[in-house]
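Novice: My structure is below; once you've seen it, I'll send some questions.
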Amino acid sequence: MSAKVALVTGQITINDGGSFLLTAADGSIDDLRAQGFFVRDTRLISYYGLSIDRKPLTLLTSSAISHRVARYEFTSPKLLTAHGIVPAKKLLVSLRRDIMGGMHEDISVTNHHQERVEIQLMLAIRSDFVDVSRVKAQEFYTEGRMETTWANDLLTNTYCNGSFSRGLRIQSKGASSPPRYSNGRLVFDIALDPGESWHTCINYIALVDGEELVPKHTDAETDATPAGEQMASYLEVATHLRSSNREVEQTYYQALTDLAALRIPVDGGGNTVWIPAAGIPWFVAIFGRDPLITSLQTMSVAPNLAQGTLLKLAQLQSAEFNDWQDAEPGKILHELRRGELAQLDRIPSAPYYGAIDTTLLWIITLAETYNWTGDRQLLDDCSKPLAKALHWIDKYGDFDGDGFVEYCSRSKNGIQNQGWKDSGDAIRAADGTIVNAPIALCETQGQVYDAWLRAADLYDVLGESDRARSLRQQTEQLYVRFNDRFWMEDEGFYCLGLDSNKQQIRSIASNAGQLLWSGIVPPERAHQMVQRLFQPDLWCGWGIRTLSAKHPAYDPIGYHTGSVWAHDNSFIAAGLKQYGYHTEANQIAEGIFAAASSFQSNQMPELFGGIARSPENFPVPYVDANIPQAWAAGSMPWLISTMLGLQADAPNRRLQVQPMLPSWLPDLQLTNIHVGDAQVDLDFWREGDLTHWKVVRQVGELEVIDLPDCRGGSQVSNLSSP
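For the sequence shown, this note's numbering gives the first residue as 52, with consecutive numbering after it.
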């Protein structure tokens, strides 16, 4: 087994629902770093220091022991007290934290000195109530008024700025010696005989939006909180995997755990729905692109994950034209924040609509969810938002009428690049210069093509054949138009996009690889595309880089300029499979799974460096990567589904398979696959170069059939039928 690569941050992160805690390894919080306890986009604890007689403790070890519980163990330094010297390492201090809306702490001190000790345990705690977006940018300032009160052994910090308010109550319970508040610290006077222990509980009660989020001590079991109950339910109904390749099995289950832990509660119009947050720590909010992509990736795991996402995003679909929010009628949002800056309209994120692909992905996800669930009620509920989304493509997506969908922010605080590569330096011309909007990205046109085709199928179901026919005519025209304008014959590849002058952005980037998944690539060009994708400037061995290593702007640890993203590669692999390039799809899966198995706990980060793979190196983490991150976790089950060629047709009670297992994955079993109201367990295994499969268990009516290879031939054998 290869060595595990730690993401060297020196930090511990835990979360539950919409609350999260980000600390140094010793549990401290530095108010001048991007750390703290956050609830609903506000930092409620900005500074935390634990000491004895004003001396810092010595950390022995610390770790998160579940997604929402962390433990820290300390010993004491040499102490000079009023009652004599206490040698170093004679006091054992344990700190346990548990997130449950608010935060609960258990602090214990045990005396292992042979004499009685009398000490002061001190907690320095401050609240600055800085908005999460400012903390992420390390801009630590606020504009409102803060107050601190100490009464009845209760410390209360409050903040108010106009109509926005937040607060934190700090309450000690169960201590044999109650705390005093002095000089900005909670102080506990502790006297311990040899072998004696002292303990206190501390509740950090979050005051947000008129609610009191009161925590309590719980065990580390998954279902101990409402968010944990949802997590446990997700893990119970999800498709499970078993394989003799234990690294793949572990990676798969870590991905499921990450996906379950990232789910946050949102108001679904009278009832609570749970959708995946984009990532921990900075994207614990409602997004558009991230949960839609995650839903697409996890159809074979839990197709109902998409239903709440689709309905919530439809509920927030824009009904107006708003420059500040980059909103247009029918557009699906990019991001919804609930902090001070959003509530006071200082940033356009309440909500913000500046993403070119979310509306397209919403349509695609709706169609794919129907394929897996056969949920006609969902389709009926979403029929009006679907019509509005399609109208947005025609009227606002293609705002200059050239037949392509492009983006250009109208908001002074908007995102300038609005595809999935949304950093400011992501879109580069062939000479390395930054391309300014408006920009028509290549993959956006593929998404339009895919969305129109899938919407046509949905309108057939809804009985609107004329609308379906019109959409198919549009796709035929886009297919010709796109392949005429975006193809670079000399490169055997598609350009990154069209610039503001409608000239090709002739950079070689991973964006073009996603076109295969959309189906807009002619079969005769697919072979050239595939050959180009696996040239060493794009293929690094762990995956396909976001930007060619030959490009002047290439940086292997740049966010979008040479790094490797698992979700990007999962799209490309799925497209390769669709075009019959099974070996190449498996090659991507091997690289991504190998990278994941190199990280601690087999947990795939948001991205990692595009440094070339060799027998003596390992994937290099990106320091500021979100871990866990939804579409990084979702990539792992989607790669499994891709290798097996799973395609659902729930309305017709059918599941198609096209498995071709690689030598590094000689067998696997998937249990509890849901297609409509049916469930099925499938076994897959290799014998020589041939992949066999059989149905092991089936509940409900479902036909499982082989899907013919689109390039001819088959290496699949079904040894049984249900």
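Ideal placement from N, C-alpha and C gives every residue a C-beta, glycine not left out.
#1: By how many angstroms is the C-alpha of Ala278 removed from the C-alpha of Arg119?
#2: Among Glu247, Ser223, Leu243, Gly246, which one has its Cα closest to the Cα of Leu237?
#3: Can you name, in chain order, every residue of its own chain whose Cβ lies under 6 Å from the Cβ of Gly425, other than the five neighbours on each side?
#4: Starting from Met197, trace the alpha helix (DSSP H) both ways and give me its first and last residue.
#5: Just to confirm before moving on: does the CB-CB distance between Ser70 and Met151 stay below 9 Å?
#6: Suppose the cutoff is 7 Å on Cβ atoms and the five residues either side in sequence are ignored; what does the same chain contact list for Val186 look like?
#7: Less than 7 Å between C-beta atoms, sequence neighbours within five positions excluded: which residues of the same chain meet that for Trp443?
#8: Are the beta-carbon atoms of Tyr123 and Ile176 separated by less than 9 Å?
#9: Less than 9 Å between the beta carbons of Asp508 and Ala406, yes or no?
#10: Would you identify the three-state DSSP class for Ser771, choosing helix, strand or coil?
#11: Based on the DSSP secondary-structure assignment, which residues constitute the bridge partners of Gly153?
#12: From Ala115 to Ile414, what distance separates their C-alpha atoms?
#13: What do you reckon, are the CB atoms on Gln171 and Phe239 nearer than 9 Å?
#14: Is the segment 609-617 close to the segment 477-492, with three or more CB pairs under 8 Å?
#15: In chain order, what residues of the same chain have a beta carbon less than 6 Å from the beta carbon of Phe215, not counting five sequence neighbours either side?
#16: Judging by CA-CA distance, which residue of Glu198, Pro266, Ser648 is the nearest neighbour of Val90?
#17: Please check the pair Leu313 and Val352, which I expect to be a contact at CB under 8 Å, by giving their CB distance rounded to whole angstroms.
#18: Would you mind giving the Cβ-Cβ distance between Leu758 and Gln707, rounded to the nearest angstrom? I have them listed as a contact below 8 Å.
#19: Where in the segment 260-308 do unbroken runs of the beta strand (DSSP E), each at least 3 residues long, occur, reported from the N-terminal end onward?
#20: Determine whether the beta carbon atoms of Thr161 and Leu101 lie at a separation below 9 Å.
#21: How is the beta strand (DSSP E) around Glu124 delimited, first residue to last?
#22: Which class does Cys493 belong to by DSSP, given the choice of helix, strand or coil?
#23: List the DSSP bridge partners of Cys211.
#24: Under 9 Å between the Cβ atoms of Leu384 and Thr349?
#25: Taking only runs that begin and end inside the segment 60-110, name each unbroken beta strand (DSSP E) of 3 or more residues, in chain order.
#26: For the beta strand (DSSP E) containing Leu716, name the first residue and the last one.
#27: Between Lys140 and Ser127, which are expected to be in contact by the criterion C-beta below 8 Å, what is the C-beta distance as a whole number of angstroms?
#28: Find out if the Cβ-Cβ distance for the pair Asp77, Ser113 is shorter than 9 Å.
#29: Count the other C-beta atoms from every protein chain shown that fall within 10 angstroms of the C-beta of Glu575, then say buried if there are 16 or more, exposed otherwise.
#30: Note down, in chain order, each residue of its chain lying with its Cβ closer than 6 Å to the Cβ of Thr64, except the 5 sequence neighbours on either side.
#31: Taking contact to mean at least 3 C-beta pairs separated by less than 8 Å, is the segment 526-533 in contact with the segment 590-605?
#32: Buried or exposed for Ala502, please, with buried defined as at least 16 other CB atoms from any protein chain shown within 10 angstroms of its CB.
#33: Short of 7 Å in beta carbon distance, which residues of its chain neighbour Val750, apart from the five on each side in sequence? Order them along the chain.
#34: Determine the DSSP secondary structure at Ala440, reduced to helix, strand or coil.
#35: So what's Asn637 in DSSP terms, helix, strand or just coil?
#36: Could you tell me the boundaries of the beta strand (DSSP E) in which Asp244 lies?
Specialist: According to the data block:
#1: The residue labelled residue 119 in the question sits at position 68 within the sequence shown. The residue labelled residue 278 in the question sits at position 227 within the sequence shown. Cα to Cα, the separation comes out at about 10 Å.
#2: Position 186 of the sequence shown, counted from the start, is the residue given in the question as residue 237. For the residues Glu247, Ser223, Leu243, Gly246, the minimum Cα distance to Leu237 belongs to Ser223.
#3: The residue given as residue 425 occupies position 374 in the sequence shown. Sequence-distant partners of Gly425 (beyond 5 residues in either direction) whose C-beta falls short of 6 Å from its own C-beta, in its chain, are Ala701, Pro702, Gly727.
#4: Residue mapping note: residue 197 aligns to position 146 of the sequence shown, counting from 1. No alpha helix (DSSP H) holds Met197; the beta strand (DSSP E) holding it covers 196-202.
#5: If you number the sequence shown from 1, residue 70 lands on position 19. If you number the sequence shown from 1, residue 151 lands on position 100. Contact: yes.
#6: The count along the sequence shown starts at 1 and reaches residue 186 at position 135. For Val186, same chain residues with a beta-carbon under 7 Å away, outside a window of 5 residues either side, are Ala85, Gly87, Arg94 in chain order.
#7: As a position in the sequence shown, residue 443 is number 392, starting the count at 1. Taken in chain order, the residues that qualify are Glu379, Pro380, Gly381, Lys382, Thr410.
#8: Numbered from 1 along the sequence shown, position 72 holds the residue referred to as residue 123. Numbered from 1 along the sequence shown, position 125 holds the residue referred to as residue 176. Not in contact: Tyr123 and Ile176 (Cβ atoms no closer than 9 Å).
#9: Here residue 508 refers to the residue found at position 457 when the sequence shown is read from its first residue. Here residue 406 refers to the residue found at position 355 when the sequence shown is read from its first residue. One thing to note: Asp508 has its Cβ no nearer than 9 Å to the Cβ of Ala406.
#10: Numbered from its first residue, the sequence shown carries residue 771 at position 720. Bear in mind that a pLDDT of 48 at Ser771, under 50, signals an unreliable position, so the number given afterwards is only what the model happens to contain. Reduced to three states, the DSSP call for Ser771 is coil.
#11: Here residue 153 refers to the residue found at position 102 when the sequence shown is read from its first residue. Its beta-bridge partners are Met151.
#12: Along the sequence shown, one-based indexing puts residue 115 at 64. Along the sequence shown, one-based indexing puts residue 414 at 363. Using only the alpha carbons, I get a separation of about 38 Å.
#13: Sequence index remark: in the sequence shown, residue 171 carries index 120 (1-based). Sequence index remark: in the sequence shown, residue 239 carries index 188 (1-based). In this structure, Gln171 sits near Phe239, with a CB-CB distance shorter than 9 Å.
#14: Contact between the segment 609-617 and the segment 477-492 is present: 3 or more CB-CB pairs across the two stretches fall below 8 Å.
#15: Taking the sequence shown and counting its residues from 1, the one referred to as residue 215 is at position 164. Glu391, Gln394, Leu395.
#16: Against the sequence shown, residue 90 aligns to sequence position 39. For Val90, the closest alpha carbon among the candidates Glu198, Pro266, Ser648 is that of Pro266.
#17: Position 262 of the sequence shown holds residue 313. Position 301 of the sequence shown holds residue 352. For a cut-off of 8 Å, the C-beta gap from Leu313 to Val352 is around 13 Å, too long to register as a contact.
#18: Along the sequence shown, read from residue 1 onward, the residue named residue 758 stands at position 707. Along the sequence shown, read from residue 1 onward, the residue named residue 707 stands at position 656. Indeed, because the Cβ distance is near 4 Å, the residues count as touching under 8 Å.
#19: Taking only runs of at least 3 residues, the beta strand (DSSP E) segments lying wholly in the segment 260-308 are 262-264, 291-293.
#20: For the purposes of this step, residue 161 is taken as residue 110 along the sequence shown, with counting starting at 1. For the purposes of this step, residue 101 is taken as residue 50 along the sequence shown, with counting starting at 1. In this structure, Leu101 does not lie closer than 9 Å to Thr161 by Cβ.
#21: Counting from one through the sequence shown, the residue named residue 124 turns up at place 73. From DSSP, the beta strand (DSSP E) with Glu124 extends over 120-126.
#22: Residue 493 sits at position 442 when you count from the first residue of the sequence shown. It is helical.
#23: Start at 1 with the first residue of the sequence shown, and residue 211 comes out as number 160. Arg196, Ser216, per the DSSP bridge assignment.
#24: For the purposes of this step, residue 384 is taken as residue 333 along the sequence shown, with counting starting at 1. For the purposes of this step, residue 349 is taken as residue 298 along the sequence shown, with counting starting at 1. Not in contact: Leu384 and Thr349 (Cβ atoms no closer than 9 Å).
#25: Whole beta strand (DSSP E) segments, 3+ residues: 62-67, 70-75, 87-90, 93-96, 98-103.
#26: Looking up residue 716 in the sequence shown gives position 665. Run containing Leu716: none; DSSP gives neither H nor E here.
#27: As a position in the sequence shown, residue 140 is number 89, starting the count at 1. As a position in the sequence shown, residue 127 is number 76, starting the count at 1. So it is a contact: roughly 7 Å between Cβ atoms.
#28: For the purposes of this step, residue 77 is taken as the residue at position 26 of the sequence shown. For the purposes of this step, residue 113 is taken as the residue at position 62 of the sequence shown. Going by C-beta atoms, Asp77 is nearer than 9 Å to Ser113.
#29: Here the question's residue 575 lines up with position 524 in the sequence shown. By the 16-neighbour rule on beta-carbons within 10 angstroms, Glu575 is exposed.
#30: Position 13 of the sequence shown, counted from the first residue, corresponds to residue 64. Within the same chain, and ignoring the five residues on either side of Thr64 in sequence, the residues whose Cβ sits closer than 6 Å to its Cβ are Leu73, Ile331, Pro332.
#31: Contact between the segment 526-533 and the segment 590-605 is absent, with fewer than three C-beta pairs closer than 8 Å.
#32: Locating residue 502 in the sequence shown gives position 451, where the first residue counts as 1. Result: buried.
#33: Position 699 of the sequence shown holds residue 750. Spatial neighbours of Val750 in its own chain (CB-CB distance under 7 Å, excluding positions within 5 residues in sequence) are listed in chain order as Ala729, Gln730.
#34: Numbered from its first residue, the sequence shown carries residue 440 at position 389. In the structure shown, Ala440 adopts helical secondary structure according to DSSP, grouped into three states.
#35: Position 586 of the sequence shown, counted from the start, is the residue given in the question as residue 637. In the three-state reduction of the DSSP assignment, Asn637 falls in the helix class, which pools H, G and I.
#36: Taking the first residue of the sequence shown as 1, we reach residue 244 at position 193. No beta strand (DSSP E) contains Asp244, which DSSP labels as neither H nor E.
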